[in-house]
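Novice: For the sequence shown, numbering that gives the first Met the number 0 begins at 0 and goes up steadily by one. Even for Gly, the Cβ is constructed at its ideal location relative to N, Cα and C. The structure that follows is given in the form of structure tokens.
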Amino acid sequence: MKVSMIVAMSENRVIGKENQLPWRLPEDLKRFKEITIGHPVIMGRKTFESIGRLLPGRENIVITRQTEFSFPGAVVKSSLEAALSYCERKAEESFIIGGAEIYRLGMPYATRIYLTLIRKSIEGDAYFPTLPSGFEETQRDDRNGDLPFSFLVLERKL
């Protein structure tokens, strides 16, 4: 199974502020939906709670250490490894969608990263981890406007 990450971050690696996205970028949300639809999405509990609902058309897997946590329609796992093992039997590709700790834990498993890079520094309190060596940019689509950004695809060289 291919493990991919999908993330939007600023130049200074910010991905969130107070459990929310610190920008409004409809094109990014549209791309997120197009890429992840039909695939399992793996997220931490705080990310799930910030979304506030199940993402339709995707199996929602929530990682938490809170043994009593449940949400109708969501699959709850106690570790990233348990979530990946669950997905292994169900899909050819699964997506890690955040937050910061889940991205950090998932980095060794990821073979592809769909990145929306906000081309400016933004204030925040959650950060995407530094990429390990071995990832190369295979696609880039620069967009300019009030908030300039780029859609990138990074692949791990095998």
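Can you find the residues in the same chain that come closer than 7 angstroms, C-beta to C-beta, to PRO131, ignoring five residues on each side of it along the sequence?
Specialist: One-based indexing of the sequence shown puts residue 131 at position 132. Answer for PRO131: MET106, listed in chain order.
Novice: Quick check on the DSSP output: what are the complete beta strand (DSSP E) runs of length 3 or more inside the segment 56-95, in order along the chain?
Specialist: Qualifying beta strand (DSSP E) stretches, in chain order: 59-62, 74-76 and 92-95.
Novice: Look at the alpha carbon of GLU33 and the alpha carbon of LEU151, and state the distance between them as a whole number of angstroms.
Specialist: Taking the first residue of the sequence shown as position 1, residue 33 is located at position 34. Taking the first residue of the sequence shown as position 1, residue 151 is located at position 152. For GLU33 and LEU151, the gap between their C-alpha atoms comes out near 15 angstroms.
Novice: Pull the bridge partners of GLY43 from the DSSP assignment, please.
Specialist: The sequence position of residue 43 within the sequence shown is 44, counting from 1. For GLY43, which the question treats as bridged, DSSP gives the partners ILE62.
Novice: Find out if the Cβ-Cβ distance for the pair ILE14, GLY123 is shorter than 8 angstroms.
Specialist: Against the sequence shown, residue 14 aligns to sequence position 15. Against the sequence shown, residue 123 aligns to sequence position 124. A contact, by the Cβ cut-off of 8 angstroms.
Novice: Label GLY51 either buried or exposed according to how many other C-beta atoms from any shown protein chain fall within 10 Å of its C-beta, with 16 as the threshold for buried.
Specialist: Start at 1 with the first residue of the sequence shown, and residue 51 comes out as number 52. Answer is exposed; the Cβ neighbour count stays below 16.
Novice: Excluding the 5 residues flanking GLY72 on each side, which residues of the same chain have their C-beta closer than 8 angstroms to its C-beta?
Specialist: Here residue 72 is taken as the residue at index 73 of the sequence shown, counted from 1. LEU53 and ASN59, listed in sequence order.
Novice: In angstroms with no decimal places, state the Cα-to-Cα distance between SER3 and GLU135.
Specialist: For this step, residue 3 is matched to residue 4 along the sequence shown. For this step, residue 135 is matched to residue 136 along the sequence shown. Distance between the alpha carbons of SER3 and GLU135 is about 14 angstroms.
Novice: Residue ranges of each alpha helix (DSSP H) run of no fewer than 4 residues wholly in the segment 89-157, ordered along the chain?
Specialist: 99-105
Novice: Does GLY144 pass the burial test, meaning 16 or more other C-beta atoms within 10 Å, or should it be called exposed?
Specialist: Here residue 144 corresponds to residue number 145 of the sequence shown, with the count starting at 1. Flag for GLY144 reads exposed.
Novice: Return the CA-CA distance between PHE70 and ARG12, expressed in angstroms with no decimal places.
Specialist: To locate residue 70, count along the sequence shown from 1; it is residue 71. To locate residue 12, count along the sequence shown from 1; it is residue 13. Roughly 30 angstroms separates the two Cα atoms.
Novice: Spatial neighbours of ILE121 within its chain, please: CB distance less than 6 angstroms, with the 5 preceding and 5 following residues excluded, ordered by chain position.
Specialist: Working through the sequence shown from its first residue, we reach residue 121 at position 122. The answer, listed in chain order, is SER9, VAL13 and PRO21.
Novice: Residue range of the beta strand (DSSP E) that ILE5 falls in?
Specialist: Translated into the one-based positions of the sequence shown, residue 5 becomes position 6. Here the beta strand (DSSP E) through ILE5 covers 1-9.
Novice: For the putative contact between THR115 and ALA7, defined by C-beta atoms under 8 angstroms, what is the C-beta separation to the nearest angstrom?
Specialist: Residue 115 sits at position 116 when you count from the first residue of the sequence shown. Residue 7 sits at position 8 when you count from the first residue of the sequence shown. That belief holds up - the Cβ atoms of THR115 and ALA7 are roughly 4 angstroms apart, short of 8 angstroms.
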